[in-house]
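Read through the structure below, which is laid out as structure tokens, and then see the notes.
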Amino acid sequence: MIKNNIKWFAFSLFCIAISLVACRKGDVITTPEQRAHFAMISSGNYFINAPGEIYKIPIGITTVASVDRTVNITVTSPTGAVQGTHYTVNKTSFIIPAGKVLDSIVVTGNFAQYTAGRKDTLLFKIESTDKGGVAPIEVNQIFTLLMRGPCFEGEINTSLQDLLGDYTRTRDTLAGVFDDLYSTTVKSATLTSPTTANIVIANIFNDGWNDLTFKLDWTDLNDRKVTQATQNAGGNAGVLFTGANGQPFGLASAAGGVVGTFSFCNQTIVIKGRLGIFGVGYAPNLYTVKLAR
């Protein structure tokens, strides 16, 4: 299943914002230089669960123009995947029409090649101007796609590190506070038993907070859980709590057995807990954080 809608929406807003920004230097207005890049995150996981299932990688340019522009890419595979055998790409030269900033790379994996556990890595690189087309943003010039066949949740035992990397994060509690979209990162994942692990997540609240640790438990594969220990999250508590400016937030496990869940195969992590003033107490502010590729 393709879950790129959130990425497309956020990327569209980003491109529109960039295209409208101008910098004033004295009496001179300068517009930003156009650059090609991938959207928001630099990696993804492509599970080929059925023949014909595709994966879309957003690609575009930071500014709007009145003429058509070209973005060229190359595709390589350090694991030996071959174009036309293991996968196909719709094109490697993209014409972004005048007035537009977006297109997408469409990858189609050959389902028959991945039914026995094969895994591959594809590297998509936006080429520099000496290859023709719009120059890339160097910090987001390469997109890494991990490609494999059907997934089973129990595979987390041997492939835990596949959870590492960037996610798009949303939040749906506390009267809509912080419901924006942005990138957050699972920095590490460490087994603590055959069916439990600790993961460390950075930038979970996009406000300079500390890296936070959460426990994954897949003892029951049909009831996978995410829990947390009490910990100092940092940040400015005054954002949500009147009279508490400058005091650090804290996280504590939710009361009444409220826990989060996760899916190794769908690359989603849903965290639920309580939020309060660290070292003072935890108000009954239940929060939910959703991370998705």
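Counting with my numbering, you get residues 10 to 302 for the letters of the sequence shown.
Just so it is clear, CB atoms sit at the ideal spot from N, CA and C, and this is done for glycine as well.
The structure displayed is predicted, hence computed values, not measured ones.
Cβ neighbours of Gln170 within its own chain (closer than 7 Å, five residues either side excluded): Ala198.
Burial is judged here by how many other beta carbons sit within 10 angstroms of a residue's own beta carbon; Ile104 has fewer than 16 and is exposed.
Ranked by how close their Cα comes to the Cα of Thr193, the residues Ser202, Leu172, Thr201 and Asn207 have Leu172 in first place. Listed in chain order, the non-local C-beta contacts of Gln237 below 8 Å within the same chain comprise Leu221, Thr222, Phe223, Lys224, Leu260, Ala261, Ser262, Ile280 and Gly282, local neighbours out to five positions each way being set aside. If you keep only unbroken beta strand (DSSP E) runs of at least 3 residues inside the stretch 34–113, you get 37–39, 45–47, 52–56, 63–70, 78–85, 96–98 and 102–105. Using a Cβ-Cβ distance cut-off of 8 Å, the stretch 48–65 and the stretch 149–157 are in contact, since at least three pairs of beta carbons, one from each stretch, lie closer than that value. Each residue's CA atom was taken as its position, placing Ile66 and Ala48 some 8 Å apart. Nearest in C-alpha terms to Gly141, of all of Asn81, Thr239, Ala301 and Leu230, is Asn81. Taking 8 Å as the cut-off, the beta carbon of Ser51 is found closer than this to the beta carbon of Ile151. Looking at the DSSP output, Ser202 sits in a beta bridge with Thr205. Between the alpha carbons of Ala121 and Thr85 lies a gap of roughly 21 Å.
Between Lys196 and Ile213 a beta carbon distance of about 11 Å is seen, past the 8 Å cut, so the two are scored as non-contacting. The beta carbon of Thr101 lies closer than 8 Å to those of Asn81, Ile82, Thr83 and Val84 in the same chain, with the five residues before and after it left out.
For Leu300, the three-state secondary structure derived from DSSP is strand. The shortest CA-to-CA distance from Tyr96 to any of Asn231, Gly174, Phe161 and Arg127 is the one to Arg127. Thr79 places its beta carbon 8 Å or farther from that of Val148. The beta-carbon separation of Arg44 and Ile146, rounded to 4 Å, stays under the 8 Å limit for a contact. By the Cβ-count criterion, Phe133 is buried, with 16 or more other Cβ atoms from all chains shown falling within 10 Å of its own Cβ. According to the DSSP assignment, Ile165 belongs to no beta strand (DSSP E) but to the alpha helix (DSSP H) extending over Ile165 to Ser168. In the DSSP assignment, Thr222 falls within the beta strand (DSSP E) that extends over Leu221 to Asp226.
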